[in-house]
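Scroll down for the structure; my scribbles are underneath it.
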Amino acid sequence: MYRRASKDENMRPDPGSGSDAAFSEMFRATYPAVLAFLARRVDPHDAEDLAAEVFAIAWDGWGRIPLDEMRPWLFGVARTLTASSRRSRDRHRRLELRVENDRPVERDETSLTDTTLDLRRAWARLSATDQEVLSLVAWDGMTGREAAQVLGCTRAAFSIRLTRARRRLKRLLDAKEAVLEPGSEAVIRHSTSVLAERSKS
Numbered sequence: 001m002y003r004r005a006s007k008d009e010n011m012r013p014d015p016g017s018g019s020d021a022a023f024s025e026m027f028r029a030t031y032p033a034v035l036a037f038l039a040r041r042v043d044p045h046d047a048e049d050l051a052a053e054v055f056a057i058a059w060d061g062w063g064r065i066p067l068d069e070m071r072p073w074l075f076g077v078a079r080t081l082t083a084s085s086r087r088s089r090d091r092h093r094r095l096e097l098r099v100e101n102d103r104p105v106e107r108d109e110t111s112l113t114d115t116t117l118d119l120r121r122a123w124a125r126l127s128a129t130d131q132e133v134l135s136l137v138a139w140d141g142m143t144g145r146e147a148a149q150v151l152g153c154t155r156a157a158f159s160i161r162l163t164r165a166r167r168r169l170k171r172l173l174d175a176k177e178a179v180l181e182p183g184s185e186a187v188i189r190h191s192t193s194v195l196a197e198r199s200k201s
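Sequential numbering of the sequence shown, starting at 1, is according to full-length UniProt numbering.
Shown next as structure tokens:
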């Protein structure tokens with residue numbers, strides 16, 4: 001469980017250890033990715049507040065987390081902080097998808113419009129677990145090792161989850177109700193191959 005230190009606790013590392021500079025460097029390198037991770041899961045305004053909380057927790061624990069594990073650890077903290085709002089967020093996202101899917105499609109829109117809608121419909125039918133597994137790799141650009149750390153599972157377990165999620169998404173896209181644009185099958189094959197390569201990293 002992640003916890004913020006109280007105001008009465010000594011929250012500062014040894015000022016002579018160079019920790020301030022190291023933390024600042026880590027912050028600059030990881031903040032954009034953490035904020036983007038949160039912005040895809042909560043309201044954009046809430047994302048900034050949660051990002052600040054993530055790094056406050058990181059500061060509290062600075063020096064106890066190996067630097068090579070810091071990035072997935074930060075995402076794990078961010079995931080924990082958003083867990084309580086997941087249900088309301090999912091309801092809101094499903095509503096947005098329904099509204100988008102009900103919107104009349106103008107035929108002069110880009111040729112990818114139908115494919116995009118098919119992908120959104122298929123995505124909406126995936127479980128929250130499958131969505132999270134796929135998004136960690138496809139959207140957040142994590143390796144299999146990093147994503148496994150975020151989810152608190154082994155790399156092998158994550159690889160299995162990712163493979164199953166990819167198969168379920170592919171089945172939904174191949175379903176009769178998902179009529180794909182010509183050439184989109186190649187896009188899907190390319191996307192899934194990228195997911196597979198990242199899961200091996």
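Just so it is clear, CB atoms sit at the ideal spot from N, CA and C, and this is done for glycine as well. Fair warning: this is a prediction, and the values are worked out from it, not measured in the lab.
Below 8 Å on the Cβ atoms is my contact criterion, and I expect residue i with residue j to pass it. Report the Cβ-Cβ distance as a whole number of Å.
{"i": "Leu67", "j": "Glu48", "result": "So it is not a contact: roughly 25 Å between Cβ atoms."}
{"i": "residue 202", "j": "Leu134", "result": "A query on residue 202 cannot be resolved here, the shown segment of the chain reaching from 1 to 201 and no further."}
{"i": "Glu53", "j": "Gln149", "result": "In fact, because the Cβ distance is near 19 Å, the residues do not count as touching under 8 Å."}
{"i": "Gly61", "j": "Ser19", "result": "12 Å between Cβ atoms; not a contact."}
{"i": "Ala51", "j": "Leu38", "result": "6 Å"}
{"i": "Gly144", "j": "Arg155", "result": "5 Å"}
{"i": "Val42", "j": "Thr80", "result": "No, Val42 and Thr80 are not in contact; Cβ-Cβ is about 13 Å, not under 8 Å."}
{"i": "Phe158", "j": "Ala165", "result": "With 8 Å as the limit, Phe158 and Ala165 do not qualify as a contact, their Cβ atoms being about 10 Å apart."}
Following the continuous alpha helix (DSSP H) through residue i, name the residue where it begins and the one where it ends.
{"i": "Leu67", "result": "That residue, Leu67, is in no alpha helix (DSSP H); it is neither H nor E in DSSP."}
{"i": "Leu38", "result": "Ser19 to Ala39"}
{"i": "Ser127", "result": "It is not in any alpha helix (DSSP H) - Ser127 carries neither H nor E in the DSSP assignment."}
{"i": "Val42", "result": "That residue, Val42, is in no alpha helix (DSSP H); it is neither H nor E in DSSP."}
{"i": "Ala147", "result": "Gly144 to Leu151"}
{"i": "Thr163", "result": "Arg155 to Asp174"}
>> Closer than 8 Å is the cut-off here; do at least three beta carbon pairs connect the region 131-146 with the region 70-82?
In response: yes
> Should the region 16-31 be regarded as contacting the region 122-136, the criterion being three or more beta carbon pairs within less than 8 Å?
Replying inline: no
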